[in-house]
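Enquirer: The sequence shown begins at 4 in the numbering used here and counts up one residue at a time. Quick reminder that beta carbons are idealized off the backbone N, C-alpha and C, glycines included.
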Amino acid sequence: MKNVIFIAPPAAGKGTISDYLVKNFDYVHLSTGDMLRNEVASGSLLGKEIDALISKGALVSDELIIKLVESKLKNELFGKLFILDGFPRTLPQAEKLDEMLISMGVTNNVVIYLDVTLEEATKRAVGRIVCPKCSRSYNVYYKEASPLVEGICDDCGVALEKRSDDTEETFKKRYQTYLDSTSPIINYYKQKGILESINVMRTQNEVAKDILSVINDENVSVKRRKSD
Ligand code: AP5
Ligand code: MG
């Protein structure tokens, strides 16, 4: 199976698909958003600076995020099958990622673009509730994304919360940031011939089937399925 790099508008479903891959296969998941929110939750000075940026729908600096991701890639993800969720988000980040992967000799990668409309992404963000412990996302608008017990995480049993940047107003800014800074990297990867596009305006099961078809190489998935 291939390492997965997600490029997508906010709230397209990167985290949800990543959870599915981690639960069913040997994937390790790196979400830069979760990593930054953990820093915010720690109450550190850096966390306060990050919080100010996230709350207004802006990106943290390339310099900071590259430093954090580089350390994780080299120390925790190297040699494992991994998912990058939320990185790269700018052209300099994409170029730096290429450099890192080449220097690590990691070549079996696929970049997956999740195709979703602004209207659908807005609905997914505004209806989202997340587990503060494991970061799993649920949604009040979709039955298949609802927790078994209202307001409680199926996995951790703790109360679900809303993310502070999931208001309609902040979401507009996040989406504009995506259009300005992240969408140009779609062409960057298209030109490299490693971009796969998936329509995610369907049920999670349907999306999962398409994801499997692009991450699979030579039926290796059968061996790496956790349940086997
Ligand atoms: P980040 O946490 O990455 O936010 P995001 O990109 O806006 O993505 P989300 O986490 O909102 O959505 P998702 O695609 O994971 O969707 P999910 O699976 O939850 O980043 C947050 C902030 O950190 C950024 O704004 C930025 O400030 C900063 N940052 C992060 N990385 C950075 C970087 N590299 N450089 C600089 N700054 C960076 O699903 C959404 C909802 O939809 C859920 O409720 C889910 O249940 C539901 N859902 C999912 N799939 C379906 C489906 N098929 N049908 C119906 N509902 C569905
Ligand atoms: Mg996410």
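When you compare only the Cα positions, how much space is there between TYR191 and GLU153?
Expert: Taking the sequence shown and counting its residues from 1, one reaches residue 191 at position 188. Taking the sequence shown and counting its residues from 1, one reaches residue 153 at position 150. Rounded to the nearest angstrom, the two C-alpha atoms are 42 angstroms apart.
Enquirer: Quick one: grab the DSSP three-state call for ILE197.
Expert: The residue labelled residue 197 in the question sits at position 194 within the sequence shown. The answer is coil: DSSP assigns ILE197 none of H, G, I, E or B.
Enquirer: Cα separation between ALA211 and ALA97?
Expert: On the sequence shown, position 208 is the one that residue 211 refers to. On the sequence shown, position 94 is the one that residue 97 refers to. C-alpha separation (whole angstroms): 25 angstroms.
Enquirer: How is ASN222 classed by DSSP in three states: helix, strand or coil?
Expert: Counted from its first residue, the sequence shown places residue 222 at position 219. For ASN222, the predicted model reports a pLDDT of 45, less than 50, meaning its position is unreliable and no value from the coordinates is stated.
Enquirer: Can you grab the Cα-Cα spacing for the pair THR206 / PRO13, in whole Å?
Expert: To locate residue 206, count along the sequence shown from 1; it is residue 203. To locate residue 13, count along the sequence shown from 1; it is residue 10. About 18 angstroms.
Enquirer: Less than 7 angstroms between C-beta atoms, sequence neighbours within five positions excluded: which residues of the same chain meet that for GLU181?
Expert: Residue 181 sits at position 178 when you count from the first residue of the sequence shown. The sequence given here places Tyr at residue 181; Glu does not occur at that position. Contacts found: PRO12 and PRO13.
Enquirer: Since LEU62 is in the alpha helix (DSSP H), which residue starts that stretch and which ends it?
Expert: Position 59 of the sequence shown, counted from the start, is the residue given in the question as residue 62. Careful: LEU62 lies outside any alpha helix (DSSP H) and carries neither H nor E.
Enquirer: Just to confirm my understanding: we take PRO91, look at its own chain, exclude 5 residues before and 5 after, and list those with CB closer than 7 angstroms. What are they?
Expert: In the sequence shown, counting from the first residue as 1, residue 91 sits at position 88. Only ALA97, LEU100 and ILE188 meet the Cβ criterion.
Enquirer: Could you check how far apart the C-beta atoms of VAL133 and LEU163 are, in whole angstroms? I think they sit under 8 angstroms.
Expert: The residue you call residue 133 lines up with position 130 of the sequence shown. The residue you call residue 163 lines up with position 160 of the sequence shown. So it is a contact: roughly 6 angstroms between Cβ atoms.
Enquirer: Ordered along the chain, which non-local residues of its own chain (more than five positions away) have a Cβ less than 8 angstroms from that of GLU42?
Expert: As a first step, residue 42 must be located in the sequence shown, where it is residue number 39. So the qualifying residues of the chain are LEU49, GLY50 and ILE53.
Enquirer: Who does ALA162 pair with in a DSSP beta bridge?
Expert: Residue numbering aside, residue 162 sits at position 159 when the sequence shown is read from its first letter. In the DSSP output, where bridge partners are listed per residue, ALA162 has ILE155.
Enquirer: Enumerate in chain order the residues of its own chain whose CB-to-CB distance from ARG131 is below 6 angstroms, with the five nearest sequence positions on each side excluded.
Expert: Start at 1 with the first residue of the sequence shown, and residue 131 comes out as number 128. Around ARG131: SER140, ASN142 and ASP169.
Enquirer: Verify whether the separation of the beta carbon atoms of ILE214 and VAL114 is less than 9 angstroms.
Expert: Position 211 of the sequence shown holds residue 214. Position 111 of the sequence shown holds residue 114. No.
Enquirer: So for ARG131, helix, strand or coil by DSSP?
Expert: The residue labelled residue 131 in the question sits at position 128 within the sequence shown. Strand, per DSSP.
Enquirer: Give the DSSP-derived three-state secondary structure of ASP168 in the structure shown.
Expert: Counted from its first residue, the sequence shown places residue 168 at position 165. Looking at ASP168 - three-state DSSP - the assignment turns out to be coil, as it is neither helix nor strand.
Enquirer: At a cut-off of 8 angstroms, would you count GLN96 as near the ligand AP5, judging by its Cβ distance to the nearest heavy atom?
Expert: The sequence position of residue 96 within the sequence shown is 93, counting from 1. Because some heavy atom of the ligand AP5 lies under 8 angstroms away, the Cβ of GLN96 counts as near it: yes.
Enquirer: Sorted by chain position, which residues of the same chain lie with C-beta nearer than 6 angstroms to LEU33's C-beta, five sequence neighbours on each side aside?
Expert: The residue given as residue 33 occupies position 30 in the sequence shown. Taken in chain order, the residues that qualify are LYS75 and LEU87.
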